[in-house]
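Have a look at the structure below, then the notes.
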Amino acid sequence: MTTTLAAAPTAPAAEAPPAAAARPRRTGALWLLPPLLLVGGFFLYPLALTVKQSFVGKDGDVGLQVWRDTLDSPEFTDALWHTVKIAVLSTLGCLVLGFFLAVVLSFVPFPGARLVARLVDTILAFPSFLIALAFTFLYGTVGVVNAVADDLGAGQPLVGFLYSPWCVIFAEITFYTPFVMRPLMAAFALVPRERLDVAASLGASPWRVIRQILLPEALPALAAGGSLTLLLTLNEFGIVLFIGAKDVTTLPMLVHAKGAVTFDYPGACVVAVVEVALSLALYGLYRFVFSRTGAARAGVVA
């Protein structure tokens with residue numbers, strides 16, 4: 462009887478597991494603090510300061526006058542136009558060239574195909590200004606192209622292309638095409654070769670195979686690679702700066718000019734906020750379109 466009464470108080474010990482289960486949840490919540498502090502300290506806080514400074518004029522007055530003066534200026538309009546034009550044309554060029562090269566490397570066997578694919582991957586590790594430097598060696602006053610033109614008897618150096626917007630677009634296509642190729646090659650690796658063999662045995666031409674078999678499979682990869690390329694070209698700074706194209710000022714270049722050359726920090730902050738807003742809007746549109754496309758491919762009607 463005594464032993465039974467002594468053991469009775471130990472029965473409530475079975476309620477301990479809920480408290481013990483709560484400890485891992487609290488410990489897991491603590492792991493959120495480092496990434497939150499990192500994002501808040503290195504991104505959100507400087508962004509908040511930039512937004513705040515964009516409303517403070519040179520004389521210290523707070524208001525929208527800085528925004529009006531900056532957005533109404535011809536230099537901002539020209540920079541916005543050049544930014545959008547270069548980004549869109551560069552992205553279109555990357556999509557066309559990347560799709561062509563991905564099809565060749567994936568389905569056209571030739572010696573050295575793997576080596577070419579590896580060389581394409583190495584471009585992703587290079588900084589963008591090296592492409593601009595290479596273009597200077599090719600199309601500069603004493604570059605390879607002008608040396609060949611001089612040997613052929615050309616009268617004047619062919620330097621007009623180097624300092625044109627088309628050189629910037631060509632350089633960005635050269636650098637950012639691998640960002641389109643890699644998703645495409647991954648998508649093409651999942652296409653069953655039997656489908657291609659059956660289509661060829663039925664007399665389908667290569668263009669029809671590409672249009673009806675490869676292109677539908679490549680659309681998600683094209684959307685992902687094209688959206689990433691558009692975001693990167695929209696914010697490209699190194700290529701435009703190193704090429705030094707005449708009368709070509711993009712929004713990142715305008716931020717640099719206002720902040721580091723004319724010391725117009727409020728104006729630089731306004732342009733920076735506009736650039737960030739454009740990038741976020743583009744990313745949001747990409748996520749919306751991609752989610753809708755994925756739902757349609759899965760047979761879900763929104």
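Taking my numbering, the leading residue of the sequence shown gets 462, the next gets one more, and so forth.
Think of the CB as a built atom: it goes at the ideal place given N, C-alpha and C, for glycine as much as any other residue.
Values in this document were obtained by computation on a predicted structure and should not be read as measured data.
Tell me whether residue i is buried or exposed, calling it buried when 16 or more other Cβ atoms sit within 10 Å of its Cβ.
i	result
GLU655	exposed
PRO495	exposed
SER589	buried
SER551	buried
GLY745	exposed
ALA679	buried
THR791	Shown here, the chain extends from 462 to 763; a query on residue 791 therefore has no answer.
THR544	buried
PRO507	exposed
GLY554	buried
VAL632	The amino acid occupying residue 632 in the given sequence is Ala; Val does not appear at that position. When all chains shown are included, ALA632 counts as buried.
PRO677	exposed
VAL527	buried
PHE596	buried
LEU585	exposed
LEU692	buried
LEU556	buried
Excluding the 5 residues preceding and the 5 following residue i in the sequence, name in chain order all residues of the same chain whose CB lies nearer than 6 Å to its CB.
i	result
LEU558	THR638
PHE698	PRO713
PRO681	none
ALA574	LEU566
GLU736	LEU712
Would you grab the beta carbon distance between residue i and residue j for me? Rounded to a whole angstrom, and I think it's under 8 Å.
i	j	result
ILE592	THR531	About 31 Å separates the two Cβ atoms, so there is no contact after all.
VAL581	MET642	6 Å
LEU702	SER740	Contact doesn't hold; Cβ gap of about 19 Å is too wide.
ILE547	ILE630	6 Å
ALA563	PHE649	6 Å
GLY705	LYS719	So it is not a contact: roughly 18 Å between Cβ atoms.
Residues in the same chain with beta-carbon distance under 8 Å from residue i, minus the five sequence neighbours each way, listed in chain order, please.
i	result
LEU525	PHE516
ALA540	THR710, THR711, LEU712, MET714, LEU715 and VAL732
PHE560	VAL641, LEU645, ALA679 and LEU683
GLU536	THR710 and LEU715
LEU743	SER688, LEU691, LEU692 and LEU695
ALA721	none
VAL670	LEU657, ALA660 and ALA661
Taking 9 Å as the threshold (beta carbon to beta carbon), is residue i in contact with chain D?
i	result
THR723	No chain D is part of this structure, which consists of one protein chain only.
Does any heavy atom of the ligand FMN sit closer than 8 Å to the C-beta of residue i?
i	result
ARG579	This structure lacks the ligand FMN; in fact it carries no ligand of any kind.
Tell me which residues share the same chain as residue i and place their Cβ nearer than 7 Å to its Cβ, disregarding the 5 neighbours each side in the sequence.
i	result
PRO512	Reading off the sequence, residue 512 comes out as Val, not Pro. For VAL512, where only same-chain residues beyond five positions count, the Cβ hits under 7 Å are VAL734.
GLY686	GLY559, PHE640, VAL641, PRO644 and LEU645
LEU594	PHE703
Practice task
Counting only runs of 4+ residues fully inside the region 665–713, write out the alpha helix (DSSP H) ranges in chain order.
Solution key: Here the runs fully enclosed are 667–670, 676–695 and 699–704.
Problem - Complete beta strand (DSSP E) runs within the region 569–605 (minimum length 3 residues, chain order) - result: The region 569–605 contains no whole beta strand (DSSP E) run of 3 or more residues.
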